[in-house]
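Q:
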Amino acid sequence: MKREILRVWLSCGAAIVLALVLGAGGHLEPFHTYLYLFAWPPFLFALHRTARARGARDLSPGGLPFLFAASTTVWLLFEAINFRLLNWRYVGLPDPLLIRWPGYAASFATVLPGLFWSARAFLPREAPSSTGRPPGAGAAAMGAAMLALVLVWPKYFFPLTWGAGFFLAEPLAARWGGRSLIAEWRVGDFRWTRALLGGGLACGLFWEACNFGAGAKWIYDVPFVGKLKIFEMPALGFLGFPPFALEAHAIFEAMRPGWRKLSAPGRAAAAALTAALWLLIFHGIDALTRR
């Protein structure tokens, strides 16, 4: 099994290096414009194969399609918050809408898989989690207060974006039957939390490295900390990736049990509403954060 995983990583690594050489180094199209979409999927595939080889359980009730759709939905919530923050913008995107909007969906669909499968690399072995008392109204109130500060005074409280959703979603996840990290903390179980923190940082580094040499990319305009950069990201901004992984996990765990309990008509209605939300936020990205 170790040899198989090694072969996967070597072949995927070669594909990533080739994409970087052709895109970032040679500016060869379409590798230059779509460098992220060429370099990130091989890394994602290697992570998935590694996680499966180590016996990782499926995280979603509908398999990969649900995970990809949930990933796009979760990230679009942060895009909506960014309409107020304007902390990042997109440049060099293709003009045809029928290319650009599917590109949004495809790119955002891989955020949660990357975080979760990267986290598996930091988890010594798959083991049942321990849980204590679930989070309650206090956590939700903290999350609501953090989000309010972000939206009312974005210039000063923008870092709270990467935590507000965690405290809002954790009580819902626990109440509806999802996995709660806070409940695990209360019995001293930090295994999955540590793994998510490591996975978040690893993904952040890879995302920013792929983004740096791409023609179609995101750039940052962050108050107070924008001078010293690593790739396009202000150096201190990398501190946001680990808590973002916890936040994304909490929101996903609040969504997952609800989807599992829906009837077929209920799922169809939820899918239609979600698609409408996607289109609305895609339009907002084009209008507000695309240059």
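0 is the number of the first residue of the sequence shown in numbering that gives the first Met the number 0; add one for each residue after it.
All C-beta atoms, glycine included, are put in the ideal place defined by N, C-alpha and C.
#1: By the three-class DSSP mapping on this structure, what secondary structure does Trp152 have?
#2: Between the C-alpha atoms of Glu231 and Leu43, what's the straight-line distance to the nearest angstrom?
#3: Please go through the same chain and pick out, in chain order, the residues whose beta-carbon is closer than 7 Å to the beta-carbon of Gly162, but skip the five residues on each side of it.
#4: Bridge partners of Met232, per DSSP?
#5: Which of the three DSSP states is assigned to Arg292 in this structure?
#6: Buried or exposed, going by whether 16 or more other CB atoms sit within 10 Å of the CB of Tyr33?
#7: Spatial neighbours of Pro256 within its chain, please: C-beta separation below 6 Å, excluding the five flanking residues on both sides.
#8: Out of curiosity, what's the CA-to-CA distance linking Tyr155 and Ala52?
#9: Quick check: what's the CA-CA separation for Ala194 versus Cys202?
#10: Beta-carbon separation of Phe165 and Gly142 under 8 Å?
#11: Using 8 Å as the threshold, is the C-beta distance between Leu167 and Leu159 below it?
#12: With respect to the alpha helix (DSSP H) encompassing Val110, which residues constitute its N-terminal and C-terminal limits?
#13: Under DSSP, the alpha helix (DSSP H) around Arg259 begins and ends at which residues?
#14: Mind checking Arg119: buried by the 16 CB within 10 Å criterion, or exposed?
#15: Does DSSP classify Arg185 as helix, strand or coil?
#16: Using a Cβ distance threshold of 8 Å, determine whether the segment 212 to 232 contacts the segment 73 to 88, with at least three qualifying pairs required.
#17: Expressed to the nearest angstrom, what Euclidean distance is found between the alpha-carbon atoms of Asp285 and Arg132?
#18: Counting only the same chain and skipping the five closest in sequence on each side, list residues whose C-beta sits under 8 Å from that of Thr273.
#19: Enumerate in chain order the residues of its own chain whose CB-to-CB distance from Arg83 is below 6 Å, with the five nearest sequence positions on each side excluded.
#20: Could you spell out where the beta strand (DSSP E) holding Ile218 opens and where it closes?
#21: Check whether the Cβ atoms of Ala208 and Trp116 sit closer than 8 Å, and answer yes or no.
#22: By the DSSP assignment, the beta strand (DSSP E) with Arg88 in it spans what residues?
#23: Taking a contact to mean a Cβ-Cβ separation below 8 Å, would you say Thr134 touches Ser179 in this structure?
#24: Do you know how far the Cα of Gly214 is from the Cα of Leu36?
#25: From Phe303 to Leu76, what does the alpha carbon distance come to, in whole angstroms?
A: With the given structure in hand:
#1: Correct three-state label for Trp152: coil.
#2: Whole-angstrom Cα-Cα distance: 21 Å.
#3: Correct list, in chain order: Met145, Pro242, Glu246.
#4: The partner list for Met232 (beta bridge, DSSP) reads Ile229.
#5: Because the chain is modelled from 0 through 290, residue 292 falls outside the range shown and cannot be assessed.
#6: By the Cβ neighbour-count rule, Tyr33 is buried, with 16 or more other Cβ atoms within 10 Å of its own.
#7: If the five residues before and after Pro256 are omitted, its C-beta is found closer than 6 Å to the C-beta atoms of Trp175, Gly176, Gly177, all from its own chain and listed in chain order.
#8: Cα to Cα, Tyr155 sits roughly 44 Å from Ala52.
#9: Rounded to whole angstroms, Ala194 to Cys202 spans 12 Å at the Cα level.
#10: Yes. Within cutoff.
#11: Leu159 is positioned such that its CB atom lies no closer than 8 Å to that of Leu167.
#12: Run containing Val110: 110 to 120, per the alpha helix (DSSP H) assignment.
#13: Looking at the DSSP string, the run of the alpha helix (DSSP H) that includes Arg259 is 240 to 260.
#14: With a 10 Å radius around the Cβ and a threshold of 16 neighbouring Cβ atoms, Arg119 comes out buried.
#15: Note: Arg185 maps to coil in three-state DSSP.
#16: Taking 8 Å as the limit for Cβ pairs, the verdict is that the segment 73 to 88 does touch the segment 212 to 232.
#17: Straight-line Cα distance between these residues: approximately 43 Å.
#18: The beta carbon of Thr273 sits closer than 8 Å to the beta carbons of Ala68, Thr72 from its chain, once the five residues preceding and following it are set aside; these are given in chain order.
#19: Hits under 6 Å: Leu150, Pro153.
#20: For Ile218, the enclosing beta strand (DSSP E) begins and ends at 216 to 219.
#21: Against a cut-off of 8 Å, the Cβ pair of Trp116 and Ala208 comes out as no contact.
#22: 87 to 90 is the span of the beta strand (DSSP E), which, as asked, contains Arg88.
#23: The amino acid occupying residue 134 in the given sequence is Pro; Thr does not appear at that position. Between Pro134 and Ser179, the C-beta spacing is below 8 Å.
#24: When the Cα atoms are used, Leu36 and Gly214 turn out to be separated by approximately 11 Å.
#25: Because the chain is modelled from 0 through 290, residue 303 falls outside the range shown and cannot be assessed.
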